[in-house]
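Chains as they are written, first to last, in this note's numbering: chain F, 624 to 1096; chain L, 443 to 679.
This is how it looks when you write it as structure tokens:
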């Protein structure tokens, strides 16, 4: 899971925040309840001490201490009700103490006599053996004409503890469960909300310069995502326009250049026909004609590129054997290589059926071989390999020439790009050959790449889908 | 705006419809020198009227015209059931255009800028309706090319040529004295895929020249700088 994704972060924040709030609420609830229950118990105990003091001890003079003791025992039945009751005189001697409760939960004798206190009413907690807590409310009874007594009334905190423990267990188990459920639900909700984002992302990934007419899906929900996809679509439209404009510009420009070139060429050829020209002038005219020819070639190649960009290669789609095409092309160009003492070895052993525009793909082979011949020194060697790899036809042109510097390699397929600016003068080419190769390959759904080592040579590799009965319409 | 250059009745009559006056002038001048009668129109409407009124042996048609476009004229002429050969001149050479115009009934197609020599060759081919020279033996000076056996002899001595060298020589020999541009040679001897590489023609011509001319005092293969190559013994022009 991607921890940086919006859905993960949203759910994590959401669940974390909720868990914190829950924890706080539970702690408050637990503490408050504990406080309330203990207070409640203490209240009722204090009430009882006051009862004993007001109803029995107030009349101790008339009734005598033994009566108070027996009455207390009768009224409160401490042994049955698991209570602790003790009445002591001011000097610490006992008037009455309850026996151990019948269930044996504690032993009254264990409860020590507390040192005298100046407070009228107070309470204390006593930790007994067996992890039991006794809560005792005490009352210092003083009235005029009577001796002072300390009345103590105690009960075990056990039922409160049990209840609190139960609550604690429920909270400890329930809280993580609640957080898990909330996080799960939150994740589903966020996923649902972000699904259009996924769709927009996938659609945007598919858009390249060749399908700028496509648009992203717009869900008309009126939310932020709709606005986002609409603005992205507007951006693609602007890109498309800019791209179309630049393409149209190349097409228009090469078209507009043709007429003046025709006139230049015609007039120069006419002049050249004149038999009375001296050699020098004829040579200059020849030079002009050569330049007109070069200009025409550039215009033609630019036009060819703009046509390929417009997707025209699809008009002449046929099925043919790439191996045979490569072999015959290499034979046709052999003399060109021989002229420089370069040997072209053609490694083709079986048929490699592909579908495409045969003349265009032949141009790929021609341009790659021409490039290799141009940049391989005399007595070099060029290999032309055609093989099949994983359902693809692979055509390789390998030379042992001068190689291409690493920083130039990504640019060799760009229009008018030259590895070495000083070579621009030779052979009358404009640096469009490889970009034509690239455009033809792209039009055929093929990839072209170059690997090269300085001083060792270059390897141009074209990978295009093999023909199968399914992929031609 | 119609100029007539009719001189003799038996002359081949050509209609040129081209709105660029300078281009039209160059073509007219060249064709006049070849002794054709040429009428020129500079817009589509008058072009169609001329084509509709007179019987031409050939129409040379530019595609981008004011008024009617070249394609529309082509359709109108063909709808009239006229079989006059039509050569299209265009500044666009999109494959789609080419196919469309051939379907509409164009006989040939030439993209600007073109060498005038190429226009000449194509016009001649269209007017004669077939290859220009059908004889089985071509002769240029003391050079003999037997088209059936593909044997080449110079001054009686046999010259061994590769297949490509032979096609190149035979092509140049079809019009002795005419200059062939590299583009024409590539399209005829190789194919369009080689158009980017003009030096392939130079290399082959050099090899051909070694075999053909080096041993003889009279050189037949001539280079015309900036234009192309021609085969001539000096007597033809």
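Cβ coordinates follow ideal geometry from the N, Cα and C atoms, glycine included. Fair warning: this is a prediction, and the values are worked out from it, not measured in the lab.
- Between residue 975(F) and residue 1009(F), the gap from beta carbon to beta carbon is short of 8 Å.
- Boundaries of the alpha helix (DSSP H) around residue 566(L): 558-570.
- Annotated three-state conformation of residue 788(F) is helix, per DSSP.
- Judged by DSSP secondary structure, residue 924(F) falls within the alpha helix (DSSP H) whose first and last residues are 902-932.
- One thing to note: residue 718(F) has its Cβ no nearer than 8 Å to the Cβ of residue 653(F).
- Put simply, the CB of residue 479(L) is far from chain F, with every gap to its CB atoms at 8 Å or more.
- Just measuring C-alpha positions, the residue of 956(F), 787(F), 992(F) sitting nearest residue 606(L) is 956(F).
- At least one CB of chain L lies nearer than 8 Å to the CB of residue 889(F).
- Annotation: residue 628(L) has no Cβ neighbours in chain F at a cutoff of 7 Å; minimum Cβ distance is about 11 Å.
- Beyond the five residues adjoining it in sequence on each side, residue 797(F) comes within less than 7 Å, by CB distance, of no other residue in the same chain.
- If you draw a 10 Å sphere on the C-beta of residue 1067(F), you find 16 or more other C-beta atoms in it, and that means buried.
- For residue 1015(F), the uninterrupted beta strand (DSSP E) segment begins and ends at 1015-1022.
- DSSP places residue 677(F) in the helix class (H, G or I) of the three-state scheme.
- In the three-state DSSP reduction, residue 884(F) falls in the helix class (H, G or I).
- With a cutoff of 8 Å on beta-carbon distance, residue 1024(F) and residue 968(F) are scored as not near each other.
- Within the same chain, Cβ atoms closer than 8 Å to the Cβ of residue 949(F) are found at 969, 971, 988, 1007, 1009, 1018, the five residues on either side in sequence being excluded.
- Counting only runs of 4 or more residues that sit fully inside the region 963-1004 of chain F, the alpha helix (DSSP H) segments are 981-997, in chain order.
- Between residue 795(F) and residue 805(F), the alpha-carbon positions lie close to 16 Å from each other.
- For residue 869(F), there are no C-beta contacts with chain L under 7 Å, since the nearest C-beta of that chain is about 18 Å from it.
- Restricted to the region 801-831 of chain F, not a single alpha helix (DSSP H) segment is unbroken, complete and at least 4 residues in length.
- When beta bridges are read from the DSSP output, residue 940(F) appears opposite 980(F).
- Residues of the region 587-608 of chain L with a Cβ closer than 9 Å to any Cβ of chain F, in chain order: 604, 606, 607.
- Think of a sphere of 9 Å around the beta carbon of residue 910(F): the chain L residues whose beta carbon falls inside it are 667, 668, in chain order.
- A Cβ-Cβ distance of about 5 Å is found for the pair residue 552(L) and residue 531(L), placing them in contact under the 8 Å criterion.
- Looking only at 630(F), 914(F), 990(F), 930(F), the smallest Cα-Cα distance to residue 820(F) is reached by 630(F).
- When Cβ-Cβ separations below 8 Å define contact, residue 645(L) makes contact with chain F.
- Two segments are said to touch when three or more pairs of C-beta atoms, one from each, lie closer than 8 Å; by this definition the region 915-929 of chain F touches the region 859-873 of chain F.
- Proximity of chain L to residue 989(F) at the Cβ level (cut-off 8 Å) is accounted for by 635, 636, 638, 639, in chain order.
- Residues are counted here when their Cβ sits less than 7 Å from a Cβ of chain L; for the region 1060-1079 of chain F the count is zero.
- The three-state secondary structure of residue 863(F), taken from DSSP, is helix.
- When the beta-carbon positions are compared, residue 547(L) and residue 570(L) stay at least 8 Å from each other.
- The alpha-carbon separation between residue 657(F) and residue 787(F) amounts to approximately 7 Å.
- Taking 8 Å as the threshold, the shortest C-beta distance from residue 955(F) to chain L falls below it.
- The DSSP assignment places 512-521, 537-546 as complete runs of the alpha helix (DSSP H) inside the region 494-554 of chain L, in order along the chain (cut-off: 4 residues).
- With at least 16 other beta carbons inside 10 angstroms of its own, residue 617(L) counts as buried.
- Per DSSP, the continuous alpha helix (DSSP H) segment holding residue 951(F) begins and ends at 945-961.
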